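Notes for the one structure printed next.
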Amino acid sequence: MLIDSKFKEDHPLSTVNKIRNILFKAGIFTVEQWTDSGIKGCYSVRIEIAGSHIGQNGKGVTREFALASGYAELMERIQSNYFYVGAFDNELRAYNGFQYAPDEKEFVIEEFMKSYEKPLRPMTDRLQKKSGLHDGKEVYQQCCYGDTLQHEMDFSTLPFQNLQTEEIVYIPVPILRDIYATNGTCAGNVRCEAIVQGLSEIIERNHNMQVLTKQITPPVVPEDYLMKFPVYSVIQNIQKDTKCKLIIKDCSLGTGFPVIAAALISRESHKYIVKFGAHPVFEIALERTLTEMFQGRSIAEATNASDCCYREKEILSFDNMHNVLKNASGKYHYSFFKDDSDIPFNPFEDRTGLNNSTLLKYCTDFFEKRGYEIFIRDCGYMGFPTYQLIVPGFSEIYNYGLTRLKEKSSQKAAGEILCRLENATNSELERVYRYFRFKENFSMENTLSFTLRQPLLLKPAQDIAGFFYIELCIAVHLEKWNEAVYLAQILEHFSTSDKVFCQGMQEYARRMVCRNDSDEALAGIEIFYPVEILGKIQSIINWKKCAQDVAEYCRSLIFSDNKRSAYTVLQDTVRKLKTMQTVHAKEVSNEVCNCSEI
């Protein structure tokens, strides 16, 4: 029997039914979509809110565990308010009198720093160090997005409790969303089960970034050690595909906490995928890295994720670090895959006889011994245990300084400018273009829906193509011809029906690089391409018409109820959830009052 069930406090189907009932009572309906990994023992399902693309993936060694995982992930994201992080209209933002949660507070920077600068100093120190700053105030200035309900305030915050001292600390929402993101958000059948999962994830991602950025060669876990565990049968199933090579690495970095990486390499495509997993129990960590590898993917898709890389600059780029953590599409230095390591492999302590309560103590001790404090927020207002965990100085997932906060500000500005593109100044166009260039290789963020911060119902290829089409239009207007050639090539890759147009656009841009004579370039296009292709290229060159068309299209997608957007579904869902949050907050307040009367 695989061990995962021993550390689940309820049967997986019982968990699934419990969550389905919670969602049904809330008026939220779901759709389940299974992916065939092609590997026995690696099951994957996506759970989406009906009528939208908003949802989460689940994985497991059985279909039941995959379902439970998917529904628990969805509850985690819904209750922690990360299921959708795009824009809301003003009415929905302020619905029931709050943006994020009934217990949020809005601050000006000076007032906030007087109260909370000291307990959050490990966080600001880390962000300052990465950005070359010397004043914590500069960190908080980057949190001023102008999205507070009270215009005179600088940012919204949410309360967290220090797990050791029980002190309450408020943390700015921009930092929670854009620096920590979902790292440490967790859900489970009971409190200790959920928190063990959350702290394990924090350690996993921290070690993942250390291995990546320091170009560490972790030791290989020996075959004879792996053979001791039932999950070895899954490894054998993967290895039946002789075109692939599976490497299991010990990424605990000498801490004794099981952090395992699995690298699946295709000898046909010469590409690979790397996934990390962590848990105090070695076998569960190993199970997770194997099932994560095929979450939402077949074996063919998994082994086509990444290319090998020898360039340190490329490995350490912001987009690569993002892609590694976002969907495992990032690149690792070739040294990661080598057999020889300066770190010896040591067998892990057997913790299979423990329970979740003792495993939780082991996890909290891990951080306490290293001088880190854990902050926790109870998010389980719908009745399923859900938490967000923050470890300042350790769990910052986007740990490349304040660039992430700055790019979020640029994202908001870019979306606003696109909706009035026909009236944009050249400096505004340059700003939008810089944002697009920066985001080109950010997986799942180089899309039109992400740029506009809208829940669009576009196919992935359409979403990406929309992003690059707009970037191409702006590049042509700004006469960035070499970039236009490159963008038309990318657009050709994602386009299903406009490949000839993309080829014609490349030809036009190349001619402009050589001669910078539009009439001559168009004359060449007229000779070698159909008349409709010439017309499409002319429609891009005519900036006034092009900008107006792009702006009208973008405006039609903002807070839209048409078939290209799921905003009405989202709107209905958020209103229901905010109502539940308000009711829960009143119940908690009444409980506190009753206790004080006793």
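Note that UniProt numbering has the sequence shown beginning at 1, numbered continuously upward.
The beta-carbon is built from N, C-alpha and C at its ideal position, and this holds for glycine as well.
The model shown is predicted, which means the values in this text are computed figures rather than measured ones.
Under 7 Å Cβ to Cβ from Leu92, same chain only, skipping five residues before and after it: list those, please. For the purposes of this step, residue 92 is taken as the residue at position 92 of the sequence shown. So the qualifying residues of the chain are Gln571, Val574.
Identify, in the order they occur along the chain, each residue of the same chain with its Cβ nearer than 8 Å to the Cβ of Asn594, setting aside the five sequence neighbours on each side. In the sequence shown, residue 594 corresponds to position 594, counting from 1. In this predicted model, Asn594 has a pLDDT of only 47, less than 50, meaning its place in the structure is not dependable enough to derive any value.
Look at the alpha carbon of Pro328 and the alpha carbon of Asp224, and state the distance between them as a whole number of angstroms. Within the sequence shown, numbered from 1, the residue matching residue 328 stands at position 328. Within the sequence shown, numbered from 1, the residue matching residue 224 stands at position 224. This sequence places Ala at residue 328; Pro is not what is there. About 28 Å.
Contacting residues, own chain, Cβ-Cβ under 6 Å from Ser200 (five flanking each side not counted): Mapped onto the sequence shown, residue 200 falls at position 200. Excluding positions up to five away in sequence, the list reads Ala278, His279.
Who are the Cβ neighbours of Gln506 in its own chain at under 7 Å, not counting the five residues just before and after it? As a working mapping, residue 506 is identified with position 506 in the sequence shown. If we look at Gln506 and ignore the five residues flanking it on each side, its Cβ neighbours are Val485, Ala488, Gln489.
Inter-residue Cα distance where the pair is Thr213 and Glu204: Residue numbering aside, residue 213 sits at position 213 when the sequence shown is read from its first letter. Residue numbering aside, residue 204 sits at position 204 when the sequence shown is read from its first letter. Distance between the alpha carbons of Thr213 and Glu204 is about 14 Å.
Apart from the five residues just before and just after Met444, which ones in its own chain have a Cβ nearer than 8 Å to its Cβ? To locate residue 444, count along the sequence shown from 1; it is residue 444. If we look at Met444 and ignore the five residues flanking it on each side, its Cβ neighbours are Lys326, Asn327, Phe450.
Alpha carbon to alpha carbon, how far is Ser596 from Ala585? Residue mapping note: residue 596 aligns to position 596 of the sequence shown, counting from 1. Residue mapping note: residue 585 aligns to position 585 of the sequence shown, counting from 1. For Ser596, the pLDDT reaches just 38, beneath the cut-off of 50, and the residue's location in the model is therefore unreliable, although a value from the coordinates is still provided. Answer to the nearest angstrom: the Cα atoms are 17 Å apart.
List the endpoints of the continuous beta strand (DSSP E) containing Pro460. As a working mapping, residue 460 is identified with position 460 in the sequence shown. Counting along the chain, Pro460 falls outside any beta strand (DSSP E), though it belongs to the alpha helix (DSSP H) covering 460-477.
Tell me which residues share the same chain as Val592 and place their Cβ nearer than 8 Å to its Cβ, disregarding the 5 neighbours each side in the sequence. If you number the sequence shown from 1, residue 592 lands on position 592. Confidence at Val592 is low in this model, with a pLDDT of 48, below 50, so the placement of that residue should be treated as unreliable; the coordinate-derived value is given next. Correct list: empty, nothing qualifies.
On the three-state DSSP scale, how would you describe Asp378? Your numbering for residue 378 matches position 378 in the sequence shown. Strand.
Leu163 beta carbon less than 8 Å from that of Ile376: Locating residue 376 in the sequence shown gives position 376, where the first residue counts as 1. Locating residue 163 in the sequence shown gives position 163, where the first residue counts as 1. Yes; because the gap between Cβ atoms is below 8 Å, this pair is in contact.
With which residues is Asp250 paired in a DSSP beta bridge? Position 250 of the sequence shown, counted from the start, is the residue given in the question as residue 250. Its beta-bridge partners are Ile260.
Compute the distance between the beta-carbons of Cys143 and Asp154, then report whether it is under 8 Å. As a working mapping, residue 143 is identified with position 143 in the sequence shown. As a working mapping, residue 154 is identified with position 154 in the sequence shown. A contact, by the Cβ cut-off of 8 Å.
If the criterion is Cβ atoms closer than 8 Å, does the pair Ser565 and Leu577 meet it? Sequence index remark: in the sequence shown, residue 565 carries index 565 (1-based). Sequence index remark: in the sequence shown, residue 577 carries index 577 (1-based). Going by C-beta atoms, Ser565 is not nearer than 8 Å to Leu577.
Mapping DSSP to helix, strand and coil, what is Phe442? One-based indexing of the sequence shown puts residue 442 at position 442. Per DSSP, reduced to three states, the secondary structure at Phe442 is coil, with no helix or strand assignment.
Pick from Val85, Ala94, Tyr140, Phe98: whose alpha carbon is nearest that of Phe112? For the purposes of this step, residue 112 is identified with residue 112 of the sequence shown, where counting begins at 1. Measuring from the Cα of Phe112, the nearest candidate turns out to be Tyr140.
Burial state of Ser156, where buried means 16 or more other Cβ atoms lie within 10 Å: What you label residue 156 is simply residue 156 of the sequence shown in a count that begins at 1. So Ser156 ends up on the buried side.
Within a Cβ cutoff of 7 Å, which residues of the same chain sit near Gln99, ignoring the five residues on either side of it in sequence? Numbered from 1 along the sequence shown, position 99 holds the residue referred to as residue 99. Take Gln99, set aside five residues on each side of it, and the residues of its chain with a beta-carbon closer than 7 Å to its own are Arg93, Leu149, Ser156, in chain order.
Would Ile470 and Leu429 be called neighbours here (beta carbons separated by less than 8 Å)? As a position in the sequence shown, residue 470 is number 470, starting the count at 1. As a position in the sequence shown, residue 429 is number 429, starting the count at 1. Cβ distance not < 8 Å, so Ile470 and Leu429 don't count as in contact.
Should Phe528 go down as buried or exposed, given a rule of 16 or more other Cβ atoms within 10 Å for buried? Mapped onto the sequence shown, residue 528 falls at position 528. Per the 10 Å Cβ criterion, exposed.
Status (buried if at least 16 other CB within 10 Å, exposed otherwise) for Glu110: Counted from its first residue, the sequence shown places residue 110 at position 110. Exposed.
Within 8 Å, do at least three Cβ pairs link the region 265-279 to the region 306-324? yes
Any idea which residues DSSP pairs Trp481 with across the strands? Within the sequence shown, numbered from 1, the residue matching residue 481 stands at position 481. None; Trp481 has no bridge partner.
Does the beta-carbon of Gln388 have 16 or more other beta-carbons within 10 angstroms, so that it is buried, or is it exposed? Reading the sequence shown from its first residue, position 388 is the one you call residue 388. So Gln388 counts as buried.
Mind reading off the beta-carbon distance from Pro219 to Ser341? Whole number of angstroms is fine, and I expect it under 8 Å. What you label residue 219 is simply residue 219 of the sequence shown in a count that begins at 1. What you label residue 341 is simply residue 341 of the sequence shown in a count that begins at 1. Going by Cβ atoms, the distance from Pro219 to Ser341 rounds to 4 Å, so yes, they are a contact pair.
Chain-order list of residues whose beta-carbon lies under 8 Å from that of Phe367 (same chain, five-residue window excluded): As a first step, residue 367 must be located in the sequence shown, where it is residue number 367. Result list for Phe367: Leu199, Glu373, Ile374, Val391, Phe394, in chain order.
Which whole runs of the beta strand (DSSP E) in the region 159-239 are 3 residues long or more, in chain order? 168-172, 185-187
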